[in-house]
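Here's the structure we're looking at; comments come further down.
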Amino acid sequence: MRDNSSFKIALYVSLGVAVCCGGLSIFLPLLIWQMVVITFLPALLAFFIGRFLIQKYIISRVIITSEHIIESLKDSRFKSSVENSNLGEMEVLENAVKRLMTEQTTEIGHLKELERMRKEFLGDVAHELRSPIFNIQGYIHTLIEGALEDAEVSHKFLGKAAKHVDHLSSLVEDLVTISRIEAGELKLEVTEFDIKELIKEVIDLQDLAAKQKNINLKCRFDEQVLLVRADRPKIKQVLNNLVGNSIKYGHEEGHTVINIEEAPGTVTIKITDNGEGIAEEHLPRIFERFYRVDKSRARTVPSTGLGLAIVKHFIEAHNQKILVTSREGVGSIFSFSLQRGA
2 MRDNSSFKIA LYVSLGVAVC CGGLSIFLPL LIWQMVVITF LPALLAFFIG RFLIQKYIIS
62 RVIITSEHII ESLKDSRFKS SVENSNLGEM EVLENAVKRL MTEQTTEIGH LKELERMRKE
122 FLGDVAHELR SPIFNIQGYI HTLIEGALED AEVSHKFLGK AAKHVDHLSS LVEDLVTISR
182 IEAGELKLEV TEFDIKELIK EVIDLQDLAA KQKNINLKCR FDEQVLLVRA DRPKIKQVLN
242 NLVGNSIKYG HEEGHTVINI EEAPGTVTIK ITDNGEGIAE EHLPRIFERF YRVDKSRART
302 VPSTGLGLAI VKHFIEAHNQ KILVTSREGV GSIFSFSLQR GA
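Quick note: the sequence shown uses our numbering, first residue 2, plus one each step.
The following block contains the structure:
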């Protein structure tokens with residue numbers, strides 16, 4: 002009210018002066034300027050002060066929020082559910098900080114998982130290496146202490162030591178393979194080849210092991226050429242591992258059969274046996290490194306524990322899946338598909 006009264010008094014005084022002097026037009030610009038100053042200056046000042054306070058509040062909020070996110074990240078308890086706001090440029094900054102923290106949290110989690118896997122892998126490798134090395138040392142010490150004088154005993158011990166050396170060699174080769182796979186160095190050299198011819202090669206490689214257990218190892222398909230597109234050496238290792246496992250864990254006088262099923266664009270290979278089979282609770286884990294279905298047989302049945310893990314990686318590298326169905330005491334069927342050739 003006082004401000005309005007002052008304004009009216011100033012207006013009346015100006016008009017009175019103008020009338021007395023006989024020149025209203027002379028004082029008209031001054032009158033307009035006074036009206037502008039008195040009317041708009043407070044509003045203009047209020048606008049700038051308000052904007053300053055709002056920006057100060059927004060910046061303070063972003064800083065506090067960012068500090069909270071960073072502290073949460075340090076404590077490994079970051080959550081991306083920090084409140085959103087409609088703050089224009091400030092929101093962009095806040096969201097950018099959130100995204101950065103989310104990415105960093107994901108990366109840290111990935112690194113922790115890799116470290117866990119590394120430690121687990123080293124522990125498994127140490128365990129797998131320890132057993133054959135210990136056995137070889139035992140045979141050598143026994144021979145040094147006098148068993149060399151007995152030709153029969155020395156021949157027996159040297160034969161056992163040689164088997165453990167072969168096992169160590171296989172283990173090292175598989176370790177190199179799995180290390181390259183996990184380092185992202187697996188490269189396929191895809192060519193067209195006759196899958197039936199390759200299966201026959203694998204049967205020839207496993208024939209002696211099958212005969213030692215009186216296992217009937219055979220294939221069921223005609224002689225017509227069947228081309229597939231794949232990495233031949235890697236598929237050969239896949240077949241060799243699967244057929245070798247079938248014989249290794251098969252029953253005396255059992256059978257292992259390799260079938261081929263053709264479909265438009267694909268060829269499916271199945272390895273079927275009537276061996277020990279695998280209990281249902283073990284099936285989800287049999288393709289893990291060093292996983293043993295029957296740990297009590299680890300000493301009597303030589304195995305690197307990496308064969309099925311390599312099989313899985315090789316088949317998945319061909320954009321296919323390795324499938325297994327099994328019943329304990331009945332047998333197992335392993336199967337995978339390949340792209341058909343021209």
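Ideal Cβ positions, reconstructed from N, Cα and C, are used throughout, including at glycine.
DSSP on residue 343, reduced to helix/strand/coil?
Walking along the sequence shown from the start, residue 343 turns up at place 342. Correct three-state label for residue 343: coil.
In chain order, what residues of the same chain have a beta carbon less than 7 Å from the beta carbon of residue 274, not counting five sequence neighbours either side?
Within the sequence shown, residue 274 is the residue found at index 273, counting from 1. Within the same chain, and ignoring the five residues on either side of residue 274 in sequence, the residues whose Cβ sits closer than 7 Å to its Cβ are 247, 251, 255, 256, 257, 332, 333.
Got a sec? Which residues, its chain only, sit under 6 Å from residue 265 by beta carbon, not counting five neighbours each side?
Walking along the sequence shown from the start, residue 265 turns up at place 264. Nothing meets the Cβ criterion.
How is residue 79 classed by DSSP in three states: helix, strand or coil?
Locating residue 79 in the sequence shown gives position 78, counting from the first residue. Note that residue 79 has pLDDT 48, beneath the 50 cutoff, so the model's placement of it is unreliable and the number below is only indicative. Correct three-state label for residue 79: coil.
Mind checking which residues open and close the alpha helix (DSSP H) that includes residue 173?
As a first step, residue 173 must be located in the sequence shown, where it is residue number 172. Here the alpha helix (DSSP H) through residue 173 covers 152-183.
Would residue 124 be called buried (16 or more neighbouring beta carbons within 10 Å of its own) or exposed?
The residue given as residue 124 occupies position 123 in the sequence shown. Classification of residue 124: exposed, given that the 10 Å Cβ count is below 16.
What's the gap between the Cα of residue 79 and the Cα of residue 101?
Counting from 1 along the sequence shown, the entry for residue 79 is found at position 78. Counting from 1 along the sequence shown, the entry for residue 101 is found at position 100. Only weak support exists for where residue 79 lies, its pLDDT of 48 falling under 50; the value from the coordinates is given anyway. Cα-Cα distance, rounded: 11 Å.
On the CB-based measure, 16 or more other CB atoms within 10 Å of its CB, does residue 115 come out buried or exposed?
Within the sequence shown, the letter at position 114 stands for residue 115. So residue 115 ends up on the exposed side.
Does the distance from the CB of residue 196 to the CB of residue 314 come in under 9 Å?
As a working mapping, residue 196 is identified with position 195 in the sequence shown. As a working mapping, residue 314 is identified with position 313 in the sequence shown. Cβ atoms of residue 196 and residue 314: not closer than 9 Å.
Return the chain-ordered list of same chain residues with a C-beta closer than 7 Å to the C-beta of residue 268, the five sequence neighbours on each side being excluded.
Residue numbering aside, residue 268 sits at position 267 when the sequence shown is read from its first letter. Excluding sequence positions up to five before and after residue 268, its CB lies within less than 7 Å of the CB of 196, 227, 229, 261, 338, 339, 341, all in the same chain and listed in chain order.
Select from 233, 223, 180 the residue whose C-alpha is nearest the C-alpha of residue 190.
Locating residue 190 in the sequence shown gives position 189, counting from the first residue. Cα-wise, what sits closest to residue 190 is 233.
Is it true that the stretch 201-219 meets the stretch 283-293, where meeting means three or more beta-carbon pairs spaced less than 8 Å apart?
no
What residue range is occupied by the uninterrupted beta strand (DSSP E) comprising residue 208?
In the sequence shown, residue 208 corresponds to position 207, counting from 1. Residue 208 -> not in any beta strand (DSSP E); alpha helix (DSSP H) instead, spanning 196-213.
Let's test the definition: count the other Cβ atoms within 10 Å of the Cβ of residue 238 and tell me whether it reaches 16, buried, or not, exposed.
Counting from one through the sequence shown, the residue named residue 238 turns up at place 237. Buried is the call here.
So, using beta-carbon positions, are residue 259 and residue 219 closer together than 9 Å?
Numbered from 1 along the sequence shown, position 258 holds the residue referred to as residue 259. Numbered from 1 along the sequence shown, position 218 holds the residue referred to as residue 219. Their beta carbons are under 9 Å apart, which means residue 259 touches residue 219 by this criterion.
Just checking my contact of residue 327 with residue 279 at CB under 8 Å: how many whole Å lie between their CB atoms?
Stepping through the sequence shown from its first residue, residue 327 is reached at position 326. Stepping through the sequence shown from its first residue, residue 279 is reached at position 278. Sure, about 4 Å apart at Cβ, within 8 Å.
How many Å lie between residue 162 and residue 147 at the Cα?
In the sequence shown, counting from the first residue as 1, residue 162 sits at position 161. In the sequence shown, counting from the first residue as 1, residue 147 sits at position 146. When rounded, the distance between both Cα atoms is 16 Å.
Can you grab the Cα-Cα spacing for the pair residue 145 / residue 208, in whole Å?
On the sequence shown, position 144 is the one that residue 145 refers to. On the sequence shown, position 207 is the one that residue 208 refers to. Whole-angstrom Cα-Cα distance: 36 Å.
Compare the C-alpha of residue 330 against each of 281, 322, 310 and name the closest.
Here residue 330 refers to the residue found at position 329 when the sequence shown is read from its first residue. The option with the nearest alpha carbon to residue 330 is 281.
Assign residue 290 to buried or exposed, taking buried as 16 or more other Cβ atoms, counted over all protein chains shown, within 10 Å of its Cβ.
Here residue 290 corresponds to residue number 289 of the sequence shown, with the count starting at 1. By the neighbour-count rule (16 or more Cβ atoms within 10 Å), residue 290 is buried.
Work out the CA separation of residue 99 and residue 235 for me, nearest whole Å.
One-based indexing of the sequence shown puts residue 235 at position 234. One-based indexing of the sequence shown puts residue 99 at position 98. Taking the straight line joining both Cα atoms gives about 44 Å.
If we ignore side chains and look at the alpha-carbon of each, how far apart do residue 335 and residue 154 end up?
Here residue 335 refers to the residue found at position 334 when the sequence shown is read from its first residue. Here residue 154 refers to the residue found at position 153 when the sequence shown is read from its first residue. Those two C-alpha atoms are separated by around 41 Å.
Cutting at 6 Å between CB atoms, please list the residues of its own chain near residue 343, excluding the five before and the five after it.
Start at 1 with the first residue of the sequence shown, and residue 343 comes out as number 342. Cβ contact annotation for residue 343 (same chain, cutoff 6 Å, sequence separation greater than five): none.
Is residue 323 buried or exposed, if buried means 16 or more other CB atoms sit within 10 Å of its CB?
Along the sequence shown, one-based indexing puts residue 323 at 322. So residue 323 ends up on the buried side.
Which residues does DSSP pair with residue 271 in a beta bridge?
Sequence index remark: in the sequence shown, residue 271 carries index 270 (1-based). Beta-bridge analysis with DSSP links residue 271 to 260, 336.
With a cut-off of 8 Å on the beta carbons, I'd call residue 243 and residue 312 a contact; round off their distance for me.
For the purposes of this step, residue 243 is identified with residue 242 of the sequence shown, where counting begins at 1. For the purposes of this step, residue 312 is identified with residue 311 of the sequence shown, where counting begins at 1. With 8 Å as the limit, residue 243 and residue 312 qualify as a contact, their Cβ atoms being about 6 Å apart.
Would residue 135 be called buried (16 or more neighbouring beta carbons within 10 Å of its own) or exposed?
The sequence position of residue 135 within the sequence shown is 134, counting from 1. Exposed is the call here.
Could you give the distance in angstroms between the alpha-carbon of residue 138 and the alpha-carbon of residue 149?
Here residue 138 corresponds to residue number 137 of the sequence shown, with the count starting at 1. Here residue 149 corresponds to residue number 148 of the sequence shown, with the count starting at 1. Roughly 15 Å separates the two Cα atoms.
Once the 5 residues before and after residue 316 are set aside, which same chain residues still bring their CB inside 8 Å of it?
Taking the first residue of the sequence shown as 1, we reach residue 316 at position 315. Correct list, in chain order: 239, 322, 323, 337.
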